[in-house]
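Report on the following structure.
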Amino acid sequence: MAETTAYRICPLCEATCGLELTIADGRVTGARGDRADVFSHGFVCPKGATIGELEDDPDRLRSPMVRDGDDWREVGWEEAFAAVRRGLGEVTGRHGRQALALYLGNPNVHTLAGGLYAGPLARALGSTNLYTASTVDQMPKHVSSGLLFGDPLAIPVPDLDRTSYLLVLGANPLESNGSLCTAADFPGKLKALRRRGGTLVVVDPRRTRTARLADRHLPIRPGADAYLLFGVVRTLFTEGLVADTPGVDGVADVERLSRDFAPEDVADVCGIPAEEIRRIARELAAAPSAAVYARIGTCTAEFGTLTNWLVDVVNVLTGNLDRPGGAMFPLAPHRRPGMGSGRGFRTGRWHSRVRGLPEVRGELPATTLADEIHTPGEGRVRALITVAGNPVLSLPGGERLGDALDDLEFMVSVDPYLNETTRHAHVILPPPPPSRSPHYDLAFGDLAVRNTARYSPPAVPLRDGELEECAILSRLIGIVSGQDTDVDESVIAHLLGKAIADPSSPVHGRDPAELLPRLTGETPALRRLDLMLRLGAYGDGFGAVPDGLSLRALRNAPHGVDLGPLRPRLPEVLRTPSGRIELCPPPLAEDAVRLRDGLARRRTGLVLIGRRHLRSNNSWLHNVPGLVRGSNRCTLQVHPEDAGRLGLTDAGTAKVTGAGGTIEAEVEVTAEIMPGVVSLPHGWGHGRPGTRMAVAAAHPGVNANALTDPLALDPLSGNAVLNGVPVEVQPA
């Protein structure tokens, strides 16, 4: 049996490491890090190393499935699409398009198909009922960036390779591999920071692997990061440590807001001494370069948007925004530089029907999806499309959502598994395994700590009966729109038309009939990608830049093309009406009152936080044997003081009760978590009737979201509050 080698980008987390795959008999038989990859240089984590197991999973669906009562049967693609057309058509015929809803799960941003087609699918829906995993994850960062910079996708990332001081809050990149900061070998980059004499400070309720690597670990009461950062801001002002801030409006307004948050005022709330807060401010201001980086622990909290705003307020006030070694804006190969002004960002253009929750970035808070299905009345959701999502596990109130899904008139899921959510569907459309699809990271190029361009062709061909995910979503868009139009050709025509009309474009004034035949790619999706690359910041401009990028150029560079370190990009990234950074937008200033009022609140009792693990990514990978081996990872971590007080024993069972319900979990007594805090990992709770995931069912764990309150949201972003959740714990 002859073996071949193929190179591709790992799609299993945000690190986007390069893989060297061994292929035999049309299967992935081995995987290791690609040492020649321009971004990851051979680094790989256990997830990427087991990609062959993921692909060969016997529970993975290989053909479309249609449900008849409680039974499922395999069908061909045309029969499946006909069932989808019929089911959606009947719902829209009876109830109108507002009765349709779409849920997009996290894996969408890890595929070329999701990057190209999720947006058009949402627009084709003709309904305001769009829900995604963003509102149980990173939406506060989008909102804070939108309000500060005018663009919710303008997210600055720490320039890890050049910084001399890094403050990390609510993130554990040694386990997560990084998030909203695409950095292959994050552990190596943090170790390199310390080797060159830099400082790493980690703020986290747990002594995580990342915290153990740090110069200092500061345990903080969950949900109090905004108080800590405002204390830092106040110190910068009172001690004259604010850097010059050209191109920034609202500095004086931030100074006025900070007067209520002196270090002595916030120390008791966050559990960090006032002098330590001052020390952080002084170190950030004095460092040759510095960056503040915060992630999911700060987003999924009561003051998520305020916290993420204050991250960049500190970066601005210390002079570390948009400079080497600070927090910088990547420029992905498929993007063109902007013009430095725009219409700005706003939310609340419409509201949810039942709870009146405001729209953010075109979507509604995912936790209200069950309300929209359950509650009678005009506009009630009667049909649902899910793409690569498992909201029954990933949302607070998942049990109620599962009951609601059974009440739908029609549901279709694009997913490779019969899982806790898709078991409720009427039709399942399974995409092929990753190695059989082309790959280019549309999302993570916007978040990468170094500018690169990488493309992966399919490593092995599609098998009989498989349909590439781009084609699945394209067909679904045609069915949903009721027109069966070619979405790719219309998008290509639109993008090319804009470029031809733009005087700054290399194809300005040229004839589309001359350019269109020059696009390459075996599929319409790849023709779109070729166009985006050619018109992007490093593109060949259809010959205007002879050594520029194109799809052909990336095919000829299997290990990628290095485009260099991040470069300053202000003011061209800004989309604010003023063309300046608007440091104190009114919605954030108003929400600071809520934060100030919280200073007087008594904080007693236990609170729950989540945690990450290197061999896990939400609920995706729990059916891969190599990633669930070993001891139980779904434990309730409890500090010894709390365990003794509550009568809990290591490896015993605890009964945990929160606003959302009650669960029982195995106890892990550990001094690695601060007193007053308990922790459960996210993404577990498998083994429900009707699923077909044997490995996950054998390692079910418990669902932490069963404890959380679906009514608890960060008001500015609609993001669910999953950290700092009050709970009661007792022996089971």
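Numbering (full-length UniProt numbering), first residue to last: 1 to 732.
The C-beta atom is built at its ideal place from N, Cα and C for all residues, glycine as well.
Return helix, strand or coil for residue i, following the three-state DSSP convention.
i: Asn311; result: The sequence given here places Val at residue 311; Asn does not occur at that position. Helix at Val311.
i: Phe410; result: strand
i: Pro46; result: helix
i: Gly33; result: strand
i: Gly170; result: coil
i: Gly564; result: strand
i: Asp591; result: helix
i: Ser631; result: coil
i: Thr92; result: helix
i: Ser179; result: coil
Tell me where the beta strand (DSSP E) around residue i begins and ends.
i: Gly497; result: Not the beta strand (DSSP E): Gly497 falls in the alpha helix (DSSP H), residues Val487 to Ala501.
i: Ala383; result: Ala383 to Val387
i: Leu531; result: Leu531 -> not in any beta strand (DSSP E); alpha helix (DSSP H) instead, spanning Pro524 to Leu535.
i: Lys679; result: Note that residue 679 is Ser in the sequence shown here, rather than Lys. Val677 to Ser679 is the extent of the beta strand (DSSP E) around Ser679.
i: Gly661; result: Gly661 to Val669
i: Arg73; result: Asp71 to Glu74
i: Thr132; result: Leu130 to Thr132
i: Gly5; result: With the sequence shown as reference, residue 5 is identified as Thr, and Gly is not the correct amino acid for it. Looking at the DSSP string, the run of the beta strand (DSSP E) that includes Thr5 is Glu3 to Ile9.
i: residue 733; result: Any question about residue 733 goes unanswered here, given that the chain covers just 1 to 732.
i: Thr653; result: Thr653 to Gly658
i: His217; result: Arg216 to Leu218
i: Phe102; result: For clarity, residue 102 is Leu in the given sequence; the question names Phe instead. That run of the beta strand (DSSP E) goes Leu100 to Leu104.
i: residue 735; result: The structure shown does not extend to residue 735, since the chain spans only 1 to 732, so no value can be given for it.
i: Ile609; result: Leu606 to Ile609
i: Leu200; result: Thr199 to Val203
Could you tell me the distance, in whole angstroms, from the CA atom of residue i to the CA atom of residue j?
i: Arg73; j: Ala706; result: 32 Å
i: Ser63; j: Phe81; result: 12 Å
i: Gly718; j: Thr210; result: 29 Å
i: Gly445; j: Gly326; result: 18 Å
i: Leu104; j: Val480; result: 15 Å
i: Trp309; j: Ser144; result: 5 Å
i: Pro58; j: Ala694; result: 9 Å
i: Leu722; j: Thr300; result: 5 Å
i: Asp37; j: Pro391; result: 35 Å
i: Ala99; j: Gly69; result: 23 Å
i: Pro358; j: Leu364; result: 7 Å
i: Pro585; j: Glu3; result: 58 Å
i: Ala525; j: Asp371; result: 36 Å
i: Lys189; j: Leu200; result: 11 Å
i: Thr649; j: Cys634; result: 16 Å
i: Arg194; j: Leu369; result: 45 Å
i: Arg323; j: Leu401; result: 45 Å
i: His622; j: Ala697; result: 9 Å
i: residue 733; j: Val202; result: Any answer about residue 733 is impossible in this case: the structure gives the chain only from 1 up to 732.
i: Val251; j: Thr238; result: 14 Å
i: Pro625; j: Asp709; result: 32 Å
i: Ala493; j: Glu275; result: 59 Å
i: Arg221; j: Gly126; result: 43 Å
From which residue to which residue does the alpha helix (DSSP H) around residue i run?
i: Ala281; result: Ala274 to Ala286
i: Thr210; result: Arg209 to Leu213
i: Val143; result: Met139 to Phe149
i: Asp68; result: From DSSP, Asp68 is part of no alpha helix (DSSP H) but of the beta strand (DSSP E) over Met65 to Asp68.
i: Ile51; result: Ile51 to Glu55
i: Thr298; result: Ile296 to Cys299
i: Val232; result: Asp225 to Thr238
i: Val392; result: Pro391 to Ser394
Name, in chain order, the residues that DSSP records as bridge partners for residue i.
i: Glu363; result: Val360
i: Arg123; result: Per DSSP, none; premise fails for Arg123.
i: Glu20; result: Tyr7 and Arg32
i: Leu549; result: Gly539
i: Glu582; result: Asp249
i: Arg450; result: Pro565
i: Gln637; result: Glu668 and Ser679
i: Ile479; result: None, per the DSSP bridge assignment.
i: Ile673; result: Arg206
Pull up the CB-CB distance for residue i and residue j, whole angstroms please, since I reckon it's below 8 Å.
i: Gly541; j: Arg534; result: 6 Å
i: Glu175; j: Leu614; result: 5 Å
i: Ser437; j: Glu469; result: 6 Å
i: Leu166; j: Pro158; result: 6 Å
i: Glu641; j: Ala732; result: In fact, because the Cβ distance is near 20 Å, the residues do not count as touching under 8 Å.
i: Ser413; j: Thr386; result: 5 Å
i: Asn177; j: Cys45; result: 6 Å
Of all the CB atoms in chain B, is at least one closer than 7 Å to the CB of residue i?
i: Val729; result: The structure shown contains no chain B; it holds only a single protein chain.
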